[in-house]
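One structure below.
Protein chains: 2
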Amino acid sequence: MIELRHLRYFVAVAEEGHLTRAAGRLGIQQPPLSQQIQALEREVGAPLFLRHSRGVALTDAGQTLLPRARAILGDVDGALEAARRTARGQMGRLAVGFTSSAAFHPLVASLVRMLRQSAPEIVLSLEEGNTQDLIAALRANRLDTAFVRSPVGQPEDLVIEPLLSEAMVLALPDRHPLATPGRRKPPVIALRDLAGETFVLYRRPSGPGLYDEIIAACRAAGFSPHVGQEAPRMVSTLSLVAAGMGVSIIPESMARLAGDGIAYARLDGAIRLEAPLYLARRKAPETGALSRLIDYVRAWRPAPAS
Amino acid sequence: MIELRHLRYFVAVAEEGHLTRAAGRLGIQQPPLSQQIQALEREVGAPLFLRHSRGVALTDAGQTLLPRARAILGDVDGALEAARRTARGQMGRLAVGFTSSAAFHPLVASLVRMLRQSAPEIVLSLEEGNTQDLIAALRANRLDTAFVRSPVGQPEDLVIEPLLSEAMVLALPDRHPLATPGRRKPPVIALRDLAGETFVLYRRPSGPGLYDEIIAACRAAGFSPHVGQEAPRMVSTLSLVAAGMGVSIIPESMARLAGDGIAYARLDGAIRLEAPLYLARRKAPETGALSRLIDYVRAWRPAPAS
DNA sequence: ATCAGAGATATTCTATATATATGGAAAATC
DNA sequence: GATTTTCCATATATATAGAATATCTCTGAT
Chain A
1085 MIELRHLRYF VAVAEEGHLT RAAGRLGIQQ PPLSQQIQAL EREVGAPLFL
1135 RHSRGVALTD AGQTLLPRAR AILGDVDGAL EAARRTARGQ MGRLAVGFTS
1185 SAAFHPLVAS LVRMLRQSAP EIVLSLEEGN TQDLIAALRA NRLDTAFVRS
1235 PVGQPEDLVI EPLLSEAMVL ALPDRHPLAT PGRRKPPVIA LRDLAGETFV
1285 LYRRPSGPGL YDEIIAACRA AGFSPHVGQE APRMVSTLSL VAAGMGVSII
1335 PESMARLAGD GIAYARLDGA IRLEAPLYLA RRKAPETGAL SRLIDYVRAW
1385 RPAPAS
Chain B
1085 MIELRHLRYF VAVAEEGHLT RAAGRLGIQQ PPLSQQIQAL EREVGAPLFL
1135 RHSRGVALTD AGQTLLPRAR AILGDVDGAL EAARRTARGQ MGRLAVGFTS
1185 SAAFHPLVAS LVRMLRQSAP EIVLSLEEGN TQDLIAALRA NRLDTAFVRS
1235 PVGQPEDLVI EPLLSEAMVL ALPDRHPLAT PGRRKPPVIA LRDLAGETFV
1285 LYRRPSGPGL YDEIIAACRA AGFSPHVGQE APRMVSTLSL VAAGMGVSII
1335 PESMARLAGD GIAYARLDGA IRLEAPLYLA RRKAPETGAL SRLIDYVRAW
1385 RPAPAS
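Dropping the structure here:
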């Protein structure tokens, strides 16, 4: 059975044109080199070298083999190096999911930028979906990790790691009496001032979420909010707000969506409304690219507002 | 040092997802397989498999390596096969030279056709030149073999093998009194009838050749030919004949050059004029493609005239 | 709790790649 | 032309390391 050793020896002999010199270069003695070359020739079924009295020369068959042998040896090195790079997280594929509201978080944008820059050999595939779909995709191995907004409990097979928490802000139509355009800093509005407003809220299909927190905060502020419309995705609530259907409470990072017709205000209330961001992943050992991602998002801090 | 064995084992394990089964497929026991996989992982510097209780699964690094390992194993087979084909003369490069007069011989055309058809992987390079240049190119390894018309002695390092001999014919301007157009078969002319003609002959730079044979034949026919012009290449004589500068005597195979203004006639004389065709090559062992060529030209017989 | 299945480990064995010594053929040198 | 040198091949010995056997450990299932 042919081994790489045979090819290494063959290339050395072809390059030196000399068995003894090639043996020296290879750090072995000449007789074993003779034998290994003979073994290779036996495997090929034809001589690869013409033995002259002052050395050896390639036959036609040898000339055909030489470039191929070189390429193979190079490919082997390349393959091992690729595997190493993959293990180090500099290469490979990474499928990342995120809920619609996480898509606008600077952490995600910053992550993508970092990966493109420092590990361009990672093929990154991004997928947006609701939390349930993302979790299912994780379990089905279609995703390696996902940014989600609700903890989804702590399933046995998954790790849901809290990354950060950001304030929630009020989104309201820009022609709303509470909106104060022209000011640089967004106004601060007390939650109880929203008692008479109609709310447009995102509601998770199941389980606790931001929806319940908002209701609880309003109750703590002394009123029960009137929810005029529920939206299936958090982004949709903004469209509804822009259309004047009511006000909404959204994570701060979504406020950079300076869509036409929307104004934002900071909130003040008995319960501080916070939107958490979690990273979900399988409990399986972290692979290279993934652990790179995890290291990055754990260390990430928002850039100071410019 | 990594060997192909490691890659073979790796691919088998990756495909089976199971060390014991893979070992069975490879015809070895499970423990050595474990060890070889571990050795490969040590070489890569990272695990390639995740060990589960029901088998093993590829890590990211393993997934990166798998297609490359498969490709390498395929390339090795391909390289050996290419070397074998080269040795068998089905592949490789073959540089063939021929003198201008041999270029028109049907043997050469037939040879090229045969090679293109039955061994398309042979890169054939054809080179025309005078005998001296061809012999020099042969010695300098720029040619593998050459068709020449004169024996050039029998140098120590070369083999000059006679292939065949063909009759020589008379080439004369088509408006010459001896030319009889309209007849299908070329007329037969006695050499002595050319006593008053002017001859245009090809003359080798040095050594004996057709030139001397022609002179001798004329002498045997009872006259000393009047050579009006000598041409550096045999093809040029035909142009001169067409221009009416005289008559020439050329190998039969060149008569298929039905150039305008030339008529051909068969010759009859005391000395039968023959033009030999030789194959010259180095004395070195015949390589695959070359021995294929040699076998072919040795066996070649002219196709019956159609 | 026990058992079965799968991979890892330890030890022994064996195949084989390598080393040493030697031979033989062809140039090169005297 | 004899001798020396050079270089590859062969023969035998040795050491390495890959493979076999037996055993262990871990995990999940019954």
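Those protein sequence lines, which keep their order, are chains A and B. First residue of the first sequence? That's 1085 in my numbering, and the numbers climb one at a time after it. First residue of the second sequence? That's 1085 in my numbering, and the numbers climb one at a time after it. Glycine residues also receive a C-beta, built at the ideal position from the N, C-alpha and C atoms.
Q: Confirm the yes/no value for this check: CB of V1196(A), any heavy atom of the ligand FAD, distance under 7 Å.
A: The ligand FAD is absent from the structure shown, which contains no ligands of any kind.
Q | Helix, strand or coil at R1350(B) [DSSP, three-state] | A | strand
Q: Leaving out five residues on either side along the sequence, give the residues of the same chain with a beta carbon under 6 Å from the beta carbon of S1390(B).
A: With a pLDDT of only 49 at S1390(B), under 50, the local geometry of the prediction cannot be trusted, and the value read off the model is given with reservation. So no residue of the chain qualifies.
Q. Using a Cβ cut-off of 7 Å, which residues of the stretch 1215–1234 of chain B contact any Cβ in chain A, in chain order?
A. none
Q.
Does chain A have any CB closer than 8 Å to the CB of S1390(B)?
A. A caution first: S1390(B) carries a pLDDT of 49, below 50, which makes its placement in the model too unreliable to give a value.
Q. For the stretch 1140–1168 of chain A, which residues have a CB atom closer than 8 Å to at least one CB atom of chain B, in sequence order?
A. T1143, D1144, A1145, G1146, Q1147, T1148, L1149, R1152, A1153, A1155, I1156, D1159, V1160, G1162, A1163, L1164, A1166, A1167 and R1168
(Q) Taking only three categories from DSSP, how would you classify P1131(B)? (A) coil
Q: Would you please verify whether the beta carbon of I1121(A) is less than 8 Å from any beta carbon of chain B?
A: no
Q) Closer than 8 Å, CB to CB, is P1369(A) near chain B or not? A) yes
Q) Do you know offhand how far P1386(B)'s Cα is from A1224(B)'s? A) 32 Å
Q: Check the Cβ of V1128(A) against every Cβ in chain B and list those closer than 8 Å, keeping chain order.
A: L1164, A1167, R1168 and A1171
Q.
For a contact defined as C-beta to C-beta under 7 Å, what are the partners of R1109(B) on chain A?
A. The contacting residues do not exist; R1109(B) stays about 15 Å from chain A at best.
Q: Mind the definition here: the stretch 1198–1208 of chain A touches the stretch 1161–1168 of chain B only if three or more C-beta pairs lie below 8 Å; say whether that holds.
A: no
(Q) Just to check my reading of the structure: L1124(A) and L1132(A) have Cβ atoms closer than 8 Å, yes? What is that Cβ distance to the nearest angstrom? (A) 7 Å
(Q) Beta carbons nearer than 7 Å to chain B: which residues of the stretch 1235–1255 of chain A have them? (A) none
Q. First and last residue of the beta strand (DSSP E) that includes V1319(B)?
A. It is not in any beta strand (DSSP E) - V1319(B) instead sits in the alpha helix (DSSP H) that spans M1318 to A1326.
Q. Ordered along the chain, which non-local residues of its own chain (more than five positions away) have a Cβ less than 7 Å from that of F1188(A)?
A. S1337, M1338, R1340 and L1341
Q: Please report how far the alpha carbon of E1314(B) lies from the alpha carbon of Y1286(B), in whole angstroms.
A: 6 Å
Q: Count the other CB atoms, across all protein chains shown, that sit within 10 Å of the CB of R1365(A); report buried if there are 16 or more and exposed otherwise.
A: buried
Q) Whose C-beta lies closer than 6 Å to the C-beta of I1298(A) among residues of the same chain, with five residues either side of it excluded? A) I1333
(Q) Please classify T1215(A) as buried or exposed, where buried requires at least 16 other C-beta atoms within 10 Å of its C-beta. (A) buried
Q) Can you name, in chain order, every residue of its own chain whose Cβ lies under 6 Å from the Cβ of I1355(B), other than the five neighbours on each side? A) A1301 and A1304
Q. Interface residues of chain B around A1373(A) at Cβ under 8 Å?
A. D1144
(Q) Taking 8 Å as the threshold (beta carbon to beta carbon), is E1212(A) in contact with chain B? (A) no
Q) Relative to the alpha-carbon of Y1295(B), which residue among R1317(B), A1279(B) and I1346(B) has its alpha-carbon at the smallest distance? A) R1317(B)
Q.
Here's the rule: buried if 16 or more other CB atoms are within 10 angstroms of the residue's CB, otherwise exposed. What is E1281(A)?
A. buried
Q: Would you mind telling me which residues of chain B sit closer than 8 Å to I1086(A), beta carbon to beta carbon, in chain order?
A: L1088, V1160 and L1164
Q. Which term fits A1130(B), buried or exposed, when burial requires 16 or more other beta carbons within 10 angstroms of its beta carbon?
A. buried
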